[in-house]
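The sequence shown maps to residues 1 to 392 in full-length UniProt numbering. Just below is one structure, and these are the notes that go with it.
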Amino acid sequence: MSWFKKNKNDIVETNVIEEVEVKKEDFVFEKASVVEAEGLMKKPLTFWKDAFLRLLQNKFAVGSVIVILLMVTMAIVAPMTSKYDLNKAVSKNQTLVTQLPPRIPFVENLGIFDGTLIKETTEARLATDYQPDEYKIIDRYTRDGVDYVKVKEYTYKIKGLENEYFYFGTDQIGRDIWTRLWYGARISLLIGFYAALIDVLIGVVYGGIAGFYGGSRLDDIMMRITEILYGIPSIVILFILFMFLEPGIVPIAIAIALTGWIGVARMVRAQFLRLRDQEFVLAARTLGASPFRLIMKHLIPNVVAQIVVMASFSIPNAIFYEAFLAFIGIGMNVKTPSLGTMIDNALGTTYGAMTYVYQLIIPCVVLSILMLSINLLANGLRDSLDPRMRGN
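Quick look at the structure:
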């Protein structure tokens, strides 16, 4: 850079480019490496693989999958490996062992599931009903002029079953609750799965046809039918159906799905209306693709993610609905336990919600955990299958 005067008062700045001598030896040619080139390449993620990776990042969804797999395994294995019959009362020493509290080995050392019951008795009956080593006094009080004692009863010792273990106890008839609970969980899961399957099959076909011919008279008629069915209380439809069908897994699943498919049909119709005018559908139509091929090859594959999410939410809804039906007395028959029938039986017991509260709490906890896990998994699937979240 240099300076010079144009005249007496002006100074003008000019740039002078200095020449730099470049030698050939200053450049080193690097040979191409196939290994390094392949290392820099990244395989493209498919939609489903990307969704799976995002699902793995959702800790609640992963935990829910583990819980669901564990409960499904128990529902299959536990009734098969149990030494007690499903509907046969257990008897020891020619006596039915009814209303036994839960007792689990090793866990009983922690003070829970230790085979004890909290009972209330009078001072007068305490000496006649119990031996000194069969109870522990917790509290004494007077009510209405009568002296009462609250005791911890060692039920297994009283009945001579010190070496026996009933993990969840026995019910009022003497049946093993552990065996019945996991068999009931199997029934509830099957009902939920069948109901979701029926929802998807009917909803996809019905909604697909309505959406493909959206705006036509056929679409109007089909949507008015769904509105009429949706307006009828589902409980009325269930009562009418059970007038002709015996309670069972498939009839209950069909009854639950009678109105459950409407939500799937509306979702599929909305997606078809959005996709049917896309370029890839118009191109296939131009090439002569039939309506059936357009629906099966081009439209349905693009709504699979939404269908999976809807099916995931249908399962816990069906399980809860089955429990509700059992609660009002139109669920499974007496010999086939489900989580709903077990809750109903526990409430129907004279002391089902007081002294023998475990008969009510255990199936309620299992039902709640099962529904919560499936709902959390469904939420995770909804987020991972959302194309707007892809790549995040």
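Even glycine gets a Cβ: it sits at the ideal position worked out from N, Cα and C.
Local conformation of residue i per DSSP, three classes
i, result
"Y183", "helix"
"E153", "strand"
"Y194", "helix"
"K335", "coil"
"T350", "Note on T350: pLDDT 49, under 50, position unreliable in the model; no value is reported."
"Y213", "coil"
"S188", "helix"
"A289", "coil"
"E108", "helix"
"L86", "coil"
"I343", "helix"
"L245", "coil"
"I330", "coil"
"T226", "helix"
"Y206", "helix"
"K24", "helix"
Residue burial classification, residue i (beta-carbon count within 10 angstroms, cutoff 16)
i, result
"A210", "buried"
"A257", "buried"
"Y141", "exposed"
"V334", "exposed"
"residue 393", "Missing from the structure shown is residue 393; the chain here goes from 1 to 392 and no further."
"G160", "exposed"
"M267", "buried"
"residue 393", "Since the displayed the chain opens at 1 and closes at 392, residue 393 lies outside it and no answer follows."
"W48", "exposed"
"S188", "buried"
"M296", "exposed"
"Q278", "exposed"
"F320", "buried"
"F52", "exposed"
"P363", "buried"
"Y230", "exposed"
"T350", "Any reading at T350 is ruled out, since the residue's pLDDT is 49, under 50, leaving its predicted position unreliable."
"A265", "buried"
"G352", "A caution first: G352 carries a pLDDT of 44, below 50, which makes its placement in the model unreliable, though a value can still be read off. Buried, by the Cβ-count rule."
"T46", "exposed"
"residue 396", "Any answer about residue 396 is impossible in this case: the structure gives the chain only from 1 up to 392."
Identified DSSP bridge partners for residue i
i, result
"Y148", "T122, Y141"
"R117", "The sequence as given places Leu at residue 117; Arg does not occur at that position. Its beta-bridge partners are E153."
"S91", "L96"
"T170", "D176"
"R103", "D114"
"Y135", "E153"
Limits of the unbroken alpha helix (DSSP H) element including residue i
i, result
"P363", "358 to 384"
"V62", "59 to 81"
"K49", "47 to 56"
"N317", "304 to 327"
"L161", "It is not in any alpha helix (DSSP H) - L161 carries neither H nor E in the DSSP assignment."
"Q131", "Where Q131 is concerned, there is no enclosing alpha helix (DSSP H), given that its DSSP letter is neither H nor E."
"I300", "It is not in any alpha helix (DSSP H) - I300 carries neither H nor E in the DSSP assignment."
"S234", "234 to 242"
"T286", "279 to 286"
"P251", "249 to 275"
Cutoff 8 Å: residue i Cβ touching any chain C Cβ
i, result
"R285", "In the displayed structure, chain C is absent; only one protein chain is listed."
Can you confirm whether the stretch 119 to 134 touches the stretch 89 to 97 when touching is taken to mean that 3 or more C-beta pairs between the two stretches lie within less than 8 Å? no
Determine contact between the stretch 182 to 189 and the stretch 334 to 342, defined as no fewer than three beta-carbon pairs at a distance below 8 Å. yes
With a cut-off of 8 Å, do at least 3 Cβ pairs link the stretch 215 to 223 to the stretch 239 to 248? no
Are there three or more Cβ pairs, one per stretch, closer than 8 Å when the stretch 165 to 174 is compared with the stretch 224 to 241? no
Inter-stretch contact (C-beta, 8 Å, three-pair minimum) for the stretch 124 to 140 and the stretch 59 to 72: no
Looking at C-beta atoms only, is the number of pairs between the stretch 303 to 322 and the stretch 197 to 204 that lie closer than 8 Å three or more? yes
Three or more C-beta pairs closer than 8 Å, one from the stretch 137 to 153 and one from the stretch 70 to 81: is that the case here? no
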